[in-house]
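Below is one structure, written out as structure tokens; the observations come after it.
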Ligand SMILES: Cc1cc2nc3c(=O)[nH]c(=O)nc-3n(C[C@H](O)[C@H](O)[C@H](O)COP(=O)(O)OP(=O)(O)OC[C@H]3O[C@@H](n4cnc5c(N)ncnc54)[C@H](O)[C@@H]3O)c2cc1C
Ligand SMILES: Cc1cc2nc3c(=O)[nH]c(=O)nc-3n(C[C@H](O)[C@H](O)[C@H](O)COP(=O)(O)OP(=O)(O)OC[C@H]3O[C@@H](n4cnc5c(N)ncnc54)[C@H](O)[C@@H]3O)c2cc1C
């Protein structure tokens with residue numbers, strides 16, 4: 001056993017340090033389709049912030065690159081370890097420390113999964129509203145990627161739902177930022193800076209999240225459209241109607257077919273209509289009052305018709321839930337039909353028609369394709385990219401990302417850059433901003449040990 | 001004319017550079033009660049981001065400290081200039097560049113006031129929902145302080161309503177951050193870092209703000225309580241009821257009396273009840289549907305009764321508006337009755353009773369007093385401090401701020417630290433966080449020219 005292993009094992013206990021063959025294959029990757037797994041030299045499973053601090057101090061001293069890992073459900077390779085690196089896995093720091101029903105917050109350790117957290121808050125009628133499609137994701141991972149998900153249109157993304165952190169700086173100091181308060185104007189907002197930094201600035205060891213009352217009544221409208229452009233034009237109008245949807249998704253017909261097939265989804269859309277459909281909108285509403293919900297669903301259904309839907313289906317109860325759950329599995333459907341990458345560009349809602357038309361043309365012109373769905377209300381387009389040749393694909397993705405940025409958007413709306421999109425970011429982003437980000441990284445992490453291949457790899 | 005004046009005048013044109021006696025007294029202060037005015041050496045009024053960039057480059061070269069000024073309505077001395085310093089006043093950069101009704105955003109120059117912006121967006125039925133009590137405040141000033149206001153309980157503070165910036169770095173580079181999209185996970189969030197940094201990291205030269213539909217129906221409930229503690233205990237319960245109030249304020253009886261007197265407010269509360277009242281709650285609801293509003297107001301009124309209100313008054317139309325407007329003037333009322341300082345501590349909602357009881361005791365024990373009101377739904381307590389002796393006051397404020405921080409809160413919820421509370425921050429905040437903030441400042445502003453007395457002064 002090398003010096004590194006002895007020292008790291010001394011911190012977390014030898015049982016909680018894996019080296020060599022003891023390291024399971026899973027620690028080498030997340031769910032990104034385009035990032036090759038890479039085995040770390042060490043996996044440490046700390047139990048406390050103090051242990052995390054000791055690990056980081058030791059790693060700084062020994063020059064060992066450190067990658068935080070939550071549940072490894074990321075889709076950008078954000079937790080893929082560095083060569084010879086240390087993975088800090090938060091799997092043992094998975095307690096819900098407090099569900100505070102007066103301030104409507106929960107205080108959790110970072111390794112808590114979204115489904116565990118939901119189990120803890122549900123009895124109080126409260127919930128954390130960040131729902132990426134994968135509920136085995138951890139709250140720490142949400143902080144790392146600034147995760148979004150379907151409910152972001154109503155409740156915002158992780159950034160809007162995390163009020164405070166306990167975080168360990170790479171220099172080994174343990175700090176607390178924010179708290180059980182919705183706003184602070186006292187110095188620079190370190191909470192916001194750490195959120196979305198993909199484990200490259202500091203590691204969250206405790207997270208204070210907002211909770212929202214769970215509304216008892218919900219229903220969804222499923223609206224097939226004959227034309228993708230029409231769907232995209234409908235989206236801002238539905239947002240503007242003020243019905244405050246908690247879900248507003250689009251799925252193109254191929255994606256819907258794929259998830260309907262793999263999830264055995266029976267939507268009740270007759271074949272004759274399915275054949276004329278190019279894309280679907282799924283819009284969900286929720287309310288404390290059943291009568292208000294029904295009134296609003298009716299307004300929504302009418303509006304969808306006016307905006308050109310071929311037909312409108314109102315789904316309630318299990319049928320509505322099944323559709324939403326199936327939509328959450330779109331990633332697996334894309335993977336199973338052989339997608340070469342999945343991206344999640346964000347553009348202004350108004351630019352979605354242009355973005356979709358052009359990006360699909362770009363993909364088709366390579367002989368491949370781009371299919372998708374997305375959090376349409378947020379302008380967040382999830383495209384499955386089919387393009388086998390890596391060189392062509394790189395060129396295609398560069399063009400698609402440049403298109404999105406040119407339309408006023410960004411490379412990733414919620415998945416993060418990780419190790420699959422960091423290169424494009426460096427190529428396409430303003431050098432002055434990159435230089436500033438490098439200086440910020442330096443301010444947090446002078447030894448450059450935290451997830452060094454992120455952003456600046 | 002010195003070298004500085006020649007060079008700065010060359011950038012903005014001599015007409016737009018003030019020096020010496022031409023500098024009006026107003027440029028030396030904001031509305032902070034406890035910060036002495038200080039005349040700057042120069043006031044420049046740029047018209048473009050490029051001019052701002054040239055000003056900052058030149059100031060860096062000449063070592064001239066620079067303070068941004070919006071409307072000077074801040075209450076923490078954030079725009080009070082440095083000795084021999086340059087004030088960059090954004091008064092000429094006051095155009096509403098775009099009201100985008102598809103994406104529900106406006107793009108504005110920083111000098112636009114909130115009332116001008118409202119005038120521009122109202123015809124489209126949309127509004128920017130950050131309403132600090134003073135509508136002559138500028139959007140750039142909101143960015144500087146991370147301003148809040150009464151609607152923050154529903155719509156969040158500036159941080160939640162600014163989607164993107166054009167900003168000039170002190171090194172003279174012009175960058176763009178964010179955009180017309182509600183979420184981004186692509187690199188560090190520079191927008192969020194600049195917001196609330198009180199002009200010490202970068203200057204905003206263009207701001208993209210979220211707009212929300214204006215809801216047509218609104219009403220308020222005014223509920224007098226016999227006991228301040230009871231009010232504070234009622235607040236979390238009203239929040240939890242899920243009625244989604246857009247305003248949730250408390251006012252103690254002295255503050256209510258002062259604003260009622262100075263604003264000639266006729267609330268219809270009989271004297272017999274006023275005499276038994278220790279504090280008032282003001283809760284406003286708004287809705288797209290008049291019938292829903294009335295139903296909810298009734299629920300709210302009942303709830304207030306159950307929670308111990310002596311009586312409940314429902315105000316609609318002009319009466320409701322007048323009450324809210326008068327509340328916005330509480331600051332002037334405090335000033336007119338001789339308050340020595342006004343602070344805006346934030347604590348978890350659950351800690352408000354303890355905070356208020358103890359802080360008032362602390363103030364009374366100095367022979368002075370603490371009166372107030374606040375954005376109770378946010379845990380944001382605005383206290384007018386009466387304590388003439390500066391040394392005693394300093395000790396009192398230190399104790400009050402330490403109390404708030406000990407309860408899990410912060411020195412300022414929305415006003416910022418400016419030059420009135422920065423010293424307390426340095427004394428009470430974790431040295432590891434201060435050191436990190438210093439390094440962040442250094443990463444943005446290596447020459448240390450931007451509002452240098454903020455935070456680290
Ligand atoms: C089927 C499927 C659907 C999905 N749908 C969505 C979706 O709709 N929206 C969405 O946003 N995402 C979605 N995702 C992606 C993923 O679930 C999210 O990115 C999630 O936030 C990752 O959490 P994790 O615990 O798995 O993080 P990991 O993959 O383990 O790590 C993610 C990043 O966070 C960092 N990190 C982990 N823990 C910490 C910590 N304690 N402190 C600091 N940094 C840390 C890691 O280093 C890494 O950079 C989906 C994934 C799948 C497989
Ligand atoms: C009666 C009254 C009631 C108030 N009520 C509230 C309230 O309820 N909530 C609340 O939050 N505030 C309130 N305020 C305070 C004030 O209105 C806000 O702080 C507002 O944001 C200040 O805007 P301003 O344009 O006047 O900024 P200024 O006072 O000019 O500047 C404020 C800070 O922002 C910086 N700054 C200015 N422009 C820029 C720019 N372009 N880029 C970067 N930094 C910049 C300045 O350097 C300074 O540090 C109130 C003030 C008054 C007088």
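Protein chains in written order, with the UniProt record's numbering: chain A, 1 to 457; chain B, 1 to 457.
Every residue gets a Cβ at the ideal spot worked out from N, C-alpha and C, and that includes glycine.
* Asked: Which of the residues in the region 134–156 of chain A, read from start to end, lie with their CB under 7 angstroms from any CB of chain B?
  -> 145, 146, 148 and 152
* Asked: According to the Cβ coordinates, are residue 342(A) and residue 413(A) closer than 8 angstroms?
  -> no
* Counting contacts by CB-CB distance shorter than 8 angstroms, is residue 53(A) in contact with chain B? -> no
* To do: Starting from residue 227(A), trace the alpha helix (DSSP H) both ways and give me its first and last residue.
  => Note, residue 227(A): premise wrong, no alpha helix (DSSP H); not H, not E.
* Identified DSSP bridge partners for residue 175(B) -> 167(B)
* So, does the CB of residue 442(A) fall closer than 8 angstroms to a CB anywhere in chain B? -> yes
* Consult DSSP for residue 102(B) and reduce its assignment to one of helix, strand or coil. => coil
* To do: Would you verify that the beta carbon of residue 349(B) is, or is not, closer than 8 angstroms to some beta carbon of chain A?
  => yes
* **Residues, ordered as in the chain, of the region 17–42 of chain B that lie near chain A by beta-carbon distance below 7 angstroms** => none
* **Three or more C-beta pairs below 8 angstroms linking the region 370–381 of chain B and the region 203–219 of chain A** => no
* Asked: Between residue 203(B) and residue 269(B), what straight-line distance do the alpha-carbon atoms span, to the nearest angstrom?
  -> 47 angstroms
* **Helix, strand or coil at residue 282(A) [DSSP, three-state]** => strand
* Asked: Going by the CB atoms, is the gap between residue 409(B) and residue 181(A) shorter than 8 angstroms?
  -> yes
* **Within 8 angstroms, strictly: CB atoms of residue 108(A) and residue 96(A)** => yes
* Step through the CB atoms of chain A and report whether any lies within less than 8 angstroms of the CB of residue 71(B). => no
* Give, in chain order, every residue of the region 287–314 of chain A whose Cβ lies closer than 9 angstroms to some Cβ of chain B. => 288, 289, 292 and 295
* Asked: From this set, 349(B), 395(B), 402(B) and 389(B), which residue's C-alpha is nearest residue 381(B)'s C-alpha?
  -> 349(B)
* Cα-Cα, which of 185(B), 34(B), 150(B) and 444(B) is closest to residue 156(A)? -> 185(B)
* Taking the alpha carbon of residue 45(A) as the point to measure from, which residue in 90(A), 424(A) and 339(A) has its own alpha carbon closest? -> 90(A)
* From residue 189(A) to residue 456(A), what does the alpha carbon distance come to, in whole angstroms? -> 23 angstroms
* Report yes if the CB atom of residue 43(A) is closer than 8 angstroms to the CB atom of residue 87(A), and no otherwise. => yes
* Any heavy atom of ligand 3 closer than 7 angstroms to the Cβ of residue 38(A)? -> Of the ligands one can find in the structure shown, namely ligand 1 and ligand 2, none is ligand 3.
* **Alpha carbon of residue 30(B) to alpha carbon of residue 401(B), nearest angstrom** => 22 angstroms
* Out of 433(B), 352(B), 435(B) and 337(B), state which residue places its alpha-carbon closest to the alpha-carbon of residue 33(B). => 337(B)
* Pull up the distance between the alpha-carbon of residue 383(B) and that of residue 371(B), whole angstroms please. => 5 angstroms
* DSSP three-state assignment for residue 62(A), whether helix, strand or coil -> helix
* Quick one: which unbroken beta strand (DSSP E) runs of 3-plus residues sit fully inside the region 188–254 of chain A? Chain order, please. => 203–210, 217–225 and 247–252
* Residues in the region 395–428 of chain A having any Cβ partner in chain B nearer than 7 angstroms -> 408, 409, 410, 411, 412, 413, 414, 415, 416, 417 and 425
* Asked: Is the closest heavy atom of ligand 2 to the C-beta of residue 49(B) under 7 angstroms?
  -> no
* Asked: Got a sec: does ligand 1 put a non-hydrogen atom nearer than 7 angstroms to the Cβ of residue 342(A)?
  -> no
* Counting pairs of beta carbons, one from the region 215–227 of chain B and one from the region 276–283 of chain B, are three or more of them closer than 8 angstroms? -> yes
* **Minimum length 3: unbroken beta strand (DSSP E) runs contained in the region 63–88 of chain B** => 66–69
* Asked: Going along the chain, which residues of its own chain have a beta-carbon closer than 7 angstroms to the beta-carbon of residue 253(B), five neighbours each way excluded?
  -> 277, 278 and 279
* If you measure from the CB of residue 90(B), is any heavy atom of ligand 2 nearer than 7 angstroms? -> yes
* **Distance cut-off 7 angstroms: residue 516(A) Cβ against heavy atoms of ligand 1** => Outside the shown range of chain A, which is 1 to 457, sits residue 516(A), and nothing can be said about it.
* To do: Examine ligand 1 and report whether any of its heavy atoms sits within less than 7 angstroms of the Cβ of residue 358(B).
  => no
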